[in-house]
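Reviewing the structure listed below.
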Amino acid sequence: MIQSVNMIDNFQMGTLNGYIRLQFLRIFISALFAMEGVYVLSITLVNLPKFLEINAPMHIMVGFIAASLPPTLPYVLPFSFVIAALFHFSWMDSKSEIVAIKSLGMSVYRASAPLFRLALVVSVFMIFVNTYLSPVFLGKARSRRPQAVATTNAPSTSKDVNQVIRSSKDPDLSYYYEGYGEIPEAMVSLEKLVAFKFSQDVHKLQWAYTADKLDFDSKGLAFPTGGKKFVFLPSGDIKSKPMAFFIPDSVSFFSLHRPEVDEMTSYQLRQYISEQKRIGVQPYRYITTYYDRFASAFSPLILLLVGLPFVFMGKGGRRKTPVRGIASGIVLVVLYYAFASLFHSFGAAHYLPPFLAAWMINILFLLGGVFLFTEVRT
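The opening residue of the sequence shown carries number 546 in our numbering; numbering runs sequentially from there.
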């Protein structure tokens, strides 16, 4: 007799889990497509006139829109997930289904278990999205605009760099510059340039060259503004004198400069961090970004843990409505990413260790979610 009751309980639990999971997935997929649709419409309305002004080919416009979608997933997936979860359970509460579940002797922990399993699956997928998919497609999306400009022979663009790049001709020579731009007659302009030669054999800096601005052509002939070379003597003295500078690397080398930090895959980012450390630079912003990609991947799980107690903790018999569930989800997501950005800036400035800065928001929300769940009447 006891075995029969257990079999019925297991069947009821399986049916309930399937119902909760199916209804949630319908809402989640609808929310995901709705948010992506709004995004596609907005970027189309904003960028279409710009592409039409330069007579860009249709395939570039379509490619730009298509490549812009994957970089939105790190934000759209967690947002859609928590909105769908809180909407679903608020709707169940408004229909007295939560009360019915409790009357069966089933705790809200067990009722929400299917969503936590789905949140874990989404979080694992987001590791791939954050570390590879989003950076790759972000670079593709940004390249569509320059490609369109190049197609119509419009003036070329410039962009901030703020990174150290090792020479392709001399392994001991490295460059740091804050701005990069292409100018007419096959020339490249580097702003706030610092070129330095670091001897790997004796691990000492041999010389450094600085210039407020340096233009050079395809032959490496440089035209500096405020150029000065500093020579580090074995005695410890430093000699400096104004002078020009010959760039051993070609114009094409700088034209293919490294992507921005958000365009690097985590593998490329790890390699770049290692290169920076080899020359004595501690790139805290890049290190924090590297850890942040893994930490933010678990945002669906963390947000669900914090958000669900607000549905289950009704006071005075008041039931949560779906609208209140959506509002709670929006507030949670805004708070999560606002504080995540704050801690990221602390890590980038090295006020906090990069690893701790990246995971701090998850730690705080995790503790808060566990506390709130202990206050839920199951």
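Built from N, CA and C at the ideal position, the CB exists for glycine as well.
What does the alpha-carbon distance come out to for the pair residue i and residue j?
i, j, result
"residue 657", "residue 651", "11 Å"
"residue 749", "residue 720", "16 Å"
"residue 911", "residue 682", "31 Å"
"residue 598", "residue 604", "15 Å"
"residue 881", "residue 790", "49 Å"
"residue 622", "residue 577", "7 Å"
"residue 594", "residue 811", "34 Å"
"residue 744", "residue 778", "13 Å"
"residue 583", "residue 655", "35 Å"
"residue 678", "residue 914", "30 Å"
"residue 920", "residue 851", "12 Å"
"residue 609", "residue 780", "56 Å"
"residue 596", "residue 647", "57 Å"
"residue 796", "residue 736", "15 Å"
"residue 759", "residue 798", "15 Å"
"residue 614", "residue 585", "8 Å"
"residue 786", "residue 813", "37 Å"
"residue 645", "residue 561", "11 Å"
"residue 607", "residue 684", "15 Å"
"residue 713", "residue 817", "15 Å"
"residue 710", "residue 849", "42 Å"
"residue 567", "residue 662", "13 Å"
"residue 672", "residue 883", "21 Å"
"residue 751", "residue 740", "11 Å"
"residue 702", "residue 632", "Low confidence applies to residue 702: its pLDDT is 45, below 50, so where it sits in the model is not reliable, and the reading given next is rough at best. Their backbone Cα atoms lie some 45 Å apart in a straight line."
"residue 807", "residue 590", "25 Å"
"residue 841", "residue 669", "11 Å"
"residue 667", "residue 857", "23 Å"
"residue 688", "residue 581", "21 Å"
"residue 898", "residue 918", "30 Å"
"residue 722", "residue 587", "34 Å"
"residue 839", "residue 815", "13 Å"
"residue 805", "residue 559", "48 Å"
"residue 847", "residue 569", "17 Å"
"residue 592", "residue 616", "17 Å"
"residue 738", "residue 715", "17 Å"
"residue 676", "residue 620", "14 Å"
"residue 889", "residue 642", "41 Å"
"residue 794", "residue 885", "40 Å"
Less than 7 Å between the C-beta atoms of residue i and residue j, yes or no?
i, j, result
"residue 660", "residue 630", "yes"
"residue 788", "residue 680", "no"
"residue 742", "residue 717", "yes"
"residue 579", "residue 686", "no"
"residue 674", "residue 618", "yes"
"residue 574", "residue 871", "no"
"residue 626", "residue 845", "yes"
"residue 792", "residue 843", "no"
"residue 776", "residue 764", "no"
"residue 878", "residue 624", "yes"
Around the C-beta of residue i, are 16 or more other C-beta atoms found within 10 angstroms, so that it is buried, or is it exposed?
i, result
"residue 601", "buried"
"residue 908", "exposed"
"residue 837", "buried"
"residue 564", "exposed"
"residue 571", "exposed"
"residue 887", "exposed"
"residue 916", "exposed"
"residue 819", "exposed"
"residue 876", "exposed"
"residue 733", "buried"
"residue 524", "Outside the shown range of the chain (546 to 923) lies residue 524, about which nothing can therefore be said."
"residue 766", "exposed"
At a Cβ threshold of 7 Å, is residue i touching chain C?
i, result
"residue 583", "Note that chain C does not occur in the displayed structure, where there is just one protein chain."
(request) Kindly provide the ranges of any beta strand (DSSP E) runs that are 3 or more residues long and lie completely inside the stretch 614 to 664, ordered along the chain. (result) none
(message) With three or more beta-carbon pairs closer than 8 Å as the criterion, would you say the stretch 823 to 839 touches the stretch 888 to 895?
(response) yes
(request) Report yes or no: do three or more beta-carbon pairs, one from the stretch 634 to 651 and one from the stretch 810 to 825, lie closer than 8 Å? (result) no
(request) Within the stretch 763 to 843, note down every full alpha helix (DSSP H) run reaching 4 residues or more, in order along the chain. (result) 796 to 800, 811 to 823 and 829 to 841
(message) Taking contact to mean 3 or more Cβ pairs, one atom from each stretch, closer than 8 Å, check whether the stretch 736 to 756 and the stretch 770 to 779 are in contact.
(response) Judged by Cβ distances under 8 Å, the stretch 736 to 756 makes contact with the stretch 770 to 779, as three or more pairs qualify.
(message) Quick test of the definition: if touching needs 3 or more C-beta pairs under 8 Å, does the stretch 896 to 905 touch the stretch 832 to 847?
(response) yes
(message) Which runs of the alpha helix (DSSP H) at least 4 residues long sit entirely within the stretch 581 to 616? Give them in chain order.
(response) 603 to 613
(message) Which complete alpha helix (DSSP H) runs does the stretch 864 to 917 hold, if anything under 4 residues is left out?
(response) 867 to 893
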